[in-house]
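Please read the structure below before turning to the comments.
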Amino acid sequence: MTVTVRRTADWAPALVVAAAVIGLWEAIVKGLHVQRFLLPAPDAIWSAFRDNQSALWHEGWFTFQEALGGFAIGCGAGALLALVVARWNLLGKALMPYAIAANAIPIIAFAPITNAWFDPLTKTSKMVIAAVLCFFPVFVNVVRGLRSVKPQQLELMRSYAVGELTVFRLVRIPTALPFLFTALRVASVLAMIGAIVGEYYGGSLESLGANINQDASLFQFEKAWAEIVIACIFGIGFYLAVALAERLATRWQPRVETAGA
Amino acid sequence: MSVVAVKNVSKEFAGGTLALQGIDLDIEQGEFVSLIGPSGCGKSTLLRIIGDLIEPSSGAAVVNGKPARQARRDHDYGIVFQDPVLYNWRTVAKNVALPLELAGWDRERRTRRVAEMLDLVELRGFADHHPWQLSGGMQQRVAIARALSFEPALLLMDEPFGALDEMTRERLNAELLQIWEASGSTVVFVTHSIAEAVFLSTRVVVMSARPGRISKVIPIDLPQPRTAATREQPRFFELATEVREALHLGGLIEVPA
Chain P
2 MTVTVRRTAD WAPALVVAAA VIGLWEAIVK GLHVQRFLLP APDAIWSAFR
52 DNQSALWHEG WFTFQEALGG FAIGCGAGAL LALVVARWNL LGKALMPYAI
102 AANAIPIIAF APITNAWFDP LTKTSKMVIA AVLCFFPVFV NVVRGLRSVK
152 PQQLELMRSY AVGELTVFRL VRIPTALPFL FTALRVASVL AMIGAIVGEY
202 YGGSLESLGA NINQDASLFQ FEKAWAEIVI ACIFGIGFYL AVALAERLAT
252 RWQPRVETAG A
Chain B
38 MSVVAVKNVS KEFAGGTLAL QGIDLDIEQG EFVSLIGPSG CGKSTLLRII
88 GDLIEPSSGA AVVNGKPARQ ARRDHDYGIV FQDPVLYNWR TVAKNVALPL
138 ELAGWDRERR TRRVAEMLDL VELRGFADHH PWQLSGGMQQ RVAIARALSF
188 EPALLLMDEP FGALDEMTRE RLNAELLQIW EASGSTVVFV THSIAEAVFL
238 STRVVVMSAR PGRISKVIPI DLPQPRTAAT REQPRFFELA TEVREALHLG
288 GLIEVPA
């Protein structure tokens with residue numbers, strides 16, 4: 002069997018489920034005469050999608066830029082601070098409890114506040130909330146990764162009489178890479194959520210969130226749903242790009258099939 | 038000049054556990070010395086003090102005539118642990134090359150030496166494999182190749198075959214002896230196994246626990262080179278019995294009267 006055929010065979014069950022769900026959705030909405038503000042039929046959403054295509058892609062791209070910017074700032078800051086904290090233990094003892102606590106609170110609740118701090122019509126205000134959302138899981142996971150080096154690995158490095166920087170380069174950072182990528186995948190999702198929810202509280206009319214909010218209040222539910230579809234496309238694409246980067250960066254790792262990892 | 042000179046070393050860990058008390062031990066060039074004793078007798082601690090991975094509370098270790106710290110900085114010893122401690126993101130060849138990279142060898146010289154080392158541990162075809170693709174015994178051979186790659190005068194081994202099955206262990210014992218004879222280095226070897234200690238060593242140092250002390254030093258006069266037949270000689274059993282009795286006197290097991 003060729004690789005292509007096997008790949009198709011792998012995907013087939015999931016595609017059947019997708020087709021069945023869309024078919025059932027269509028049948029229920031049509032058969033039970035469900036009100037369109039409750040749930041529009043897939044074909045109506047598809048028409049709205051087609052009619053507004055160029056505007057939808059533009060909105061999606063606008064929001065994705067906010068998410069990407071926030072992702073880059075939040076993940077970069079999180080990884081950098083993690084390196085500092087792993088190097089200087091005392092700093093870790095002072096900061097880690099708060100970081101772990103912050104990682105467990107719904108930071109998204111601050112979205113209206115960041116809108117107040119920065120001009121809500123700019124991308125910056127959404128990048129800030131996305132960055133804050135991304136920061137904590139990356140920080141906490143990378144610290145954990147940098148510290149998960151086995152004592153004997155450090156003993157071996159000590160036997161070579163190398164400096165702390167070399168230990169980071171040769172041992173700690175490679176050990177932390179899988180932890181980093183686990184966090185980046187989570188962060189890619191959080192960044193999209195942060196950007197869109199931020200836009201719900203007021204954002205440029207070029208953005209997805211502001212348009213979903215407005216279309217829903219104007220009873221244009223098919224268009225709101227089409228915007229949600231665009232958000233899904235960008236969100237899944239973002240996630241897959243991070244997963245691909247992980248695969249390239251950690252080629253050496255044994256591949257284990259994991260469901261929904 | 039002895040390769041290792043341990044002078045009146047004691048080690049007390051935080052919390053008051055006396056791991057080692059008054060240890061004196063001299064190891065000559067070319068010797069193969071095993072440290073054997075019950076858990077908690079401080080044999081691994083002693084090995085780490087020789088390697089300057091742990092500092093003694095009192096006394097000192099001298100390696101190649103230098104303080105242990107200087108010897109570590111000069112890369113005077115290679116070390117092998119029970120866990121192979123290979124880096125999964127490096128291939129077998131690059132794992133072996135690691136200490137050479139750190140010592141600043143150029144690529145060509147590294148490549149040549151790595152090939153020699155992989156020949157020595159019979160892993161020639163596995164240079165581009167990753168450690169997780171190898172069996173436990175093969176991984177440990179990579180660790181040995183890495184420890185010997187820069188030709189240290191001294192090889193420190195902390196129960197290197199402790200996690201392997203008996204058959205693999207015996208095969209690696211024989212291989213280790215061949216490598217030892219070929220390289221002419223000095224080996225300090227920590228083990229739980231009486232048979233392993235007797236088979237490998239020129240001297241067995243029996244230790245007792247709480248506090249860790251040397252209870253007996255037994256020279257092993259079995260002829261070299263040692264082979265599978267060595268394990269069946271009457272002298273092998275006599276020496277194994279001697280080690281076992283020394284361990285019992287050290288309080289490992291109560292011997293019924």
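Those protein sequences? They're chains P and B, same order as listed. Note that the working numbering has the first sequence beginning at 2, numbered continuously upward. Note that the working numbering has the second sequence beginning at 38, numbered continuously upward. Cβ atoms here follow ideal geometry from the backbone N, Cα and C, with glycine treated the same way. Every value quoted in this text rests on a predicted model; they were computed, and no experiment measured them.
Chain B contact residues for residue i, given Cβ-Cβ distances below 8 Å
i, result
"Ala87 of chain P", "Going along chain B, no residue has its Cβ under 8 Å from Ala87 of chain P, so there is no contact; the nearest lies around 18 Å."
Residues that residue i contacts on chain P, provided the C-beta gap is smaller than 7 Å
i, result
"Ile181 of chain B", "Within 7 Å Cβ-Cβ: nothing; Ile181 of chain B doesn't reach chain P, min ~13 Å."
Status (buried if at least 16 other CB within 10 Å, exposed otherwise) for residue i
i, result
"Glu188 of chain B", "exposed"
"Val22 of chain P", "exposed"
"Phe50 of chain B", "exposed"
"His34 of chain P", "exposed"
"His167 of chain B", "buried"
"Ser189 of chain P", "buried"
"Glu258 of chain P", "Only weak support is given to the placement of Glu258 of chain P: the predicted model assigns it a pLDDT of 45, under 50, and the value that follows is read from those uncertain coordinates. When all chains shown are included, Glu258 of chain P counts as exposed."
"Gln154 of chain P", "buried"
"Gln176 of chain B", "buried"
"Ala102 of chain P", "exposed"
"Pro293 of chain B", "Note that Pro293 of chain B has pLDDT 48, beneath the 50 cutoff, so the model's placement of it is unreliable and the number below is only indicative. Pro293 of chain B is exposed by the Cβ-count criterion."
"Arg149 of chain B", "exposed"
"Ala117 of chain P", "exposed"
"Gly261 of chain P", "Unreliable placement is indicated for Gly261 of chain P, whose pLDDT of 42 sits below 50; no coordinate value is reported for it."
"Glu67 of chain P", "buried"
"Lys103 of chain B", "exposed"
"Met38 of chain B", "exposed"
"Gly74 of chain B", "buried"
"Lys31 of chain P", "exposed"
"Arg170 of chain P", "exposed"
"Gln221 of chain P", "buried"
"Glu291 of chain B", "Unreliable positioning characterises Glu291 of chain B in this predicted model, as indicated by a pLDDT of 49, which lies under 50. A coordinate reading is not provided."
"Phe38 of chain P", "exposed"
"Pro93 of chain B", "buried"
"Thr264 of chain B", "exposed"
"Tyr202 of chain P", "buried"
"Ser218 of chain P", "exposed"
Bridge partners - residue i, DSSP secondary structure assignment
i, result
"Phe226 of chain B", "B:Ser71, B:Met194"
"Leu55 of chain B", "B:Glu49"
"Lys224 of chain P", "Answer is none; Lys224 of chain P lacks a bridge partner."
"Lys103 of chain B", "B:Val100"
"Val254 of chain B", "B:Val242"
"Gly115 of chain B", "B:Leu192"
"Ile194 of chain P", "According to DSSP, which records beta bridges pairwise, Ile194 of chain P is partnered with nothing at all."
"Leu62 of chain B", "B:Val43"
"Ser172 of chain B", "In the DSSP output, where bridge partners are listed per residue, Ser172 of chain B has none listed."
"Ser220 of chain B", "DSSP lists no partner for Ser220 of chain B."
"Ser95 of chain B", "B:Ser47"
Chain-ordered neighbours of residue i on chain P, where CB pairs are closer than 9 Å
i, result
"His167 of chain B", "Trp253, Gln254, Pro255"
"Leu90 of chain B", "Glu156, Arg159, Ser160"
"Trp126 of chain B", "Pro175, Thr176, Leu178, Thr251, Arg252, Trp253, Gln254"
"Val122 of chain B", "Lys151, Gln153, Gln154, Glu156, Leu157"
Whole-angstrom C-beta distance between residue j and residue i, which should lie under 8 Å
i, j, result
"Leu83 of chain B", "Leu72 of chain B", "6 Å"
"Phe140 of chain P", "Ala83 of chain P", "5 Å"
"Ser160 of chain P", "Arg109 of chain B", "6 Å"
"Glu223 of chain P", "Ala19 of chain P", "At roughly 20 Å, the Cβ-Cβ gap does not stay under 8 Å, so Glu223 of chain P and Ala19 of chain P are not in contact."
"Met97 of chain P", "Val143 of chain P", "Between Val143 of chain P and Met97 of chain P the Cβ distance is about 12 Å, and since that is not below 8 Å, they are no contact."
"Leu193 of chain B", "Ile116 of chain B", "5 Å"
"Gly75 of chain P", "Ala132 of chain P", "4 Å"
"Val41 of chain B", "Ile87 of chain B", "6 Å"
is_contact[residue i, chain A] using C-beta, thresh 8 Å
i, result
"Gly199 of chain P", "This model lacks chain A altogether, as its protein chains are P and B."
Legend entry - Contact list for the region 135 to 155 of chain B against chain P, Cβ threshold 8 Å: Here the close residues are Leu135, Pro136, Leu139.
Legend entry - chain B contacts made by the region 150 to 166 of chain P, where a contact means CB separation under 8 Å: Within the region 150 to 166 of chain P, contact with chain B at the beta-carbon level (separation under 8 Å) is assigned to Lys151, Gln153, Gln154, Glu156, Leu157, Arg159, Ser160, Tyr161, Ala162, Val163.
Inset, instruction - Below 9 Å between beta carbons is the criterion; list the residues of the region 108 to 119 of chain B that meet it against any residue of chain P, in chain order. - result: The region 108 to 119 of chain B vs chain P, Cβ under 9 Å: Arg109, Arg110, Asp111, His112, Tyr114, Gly115, Ile116, Phe118, Gln119.
Inset, instruction - Check each residue of the region 167 to 196 of chain P: if its Cβ is closer than 9 Å to any Cβ of chain B, include it; give the result in chain order. - result: Only those residues of the region 167 to 196 of chain P whose C-beta falls short of 9 Å from the nearest C-beta of chain B are listed: Thr167, Leu171, Val172, Pro175, Thr176, Leu178.
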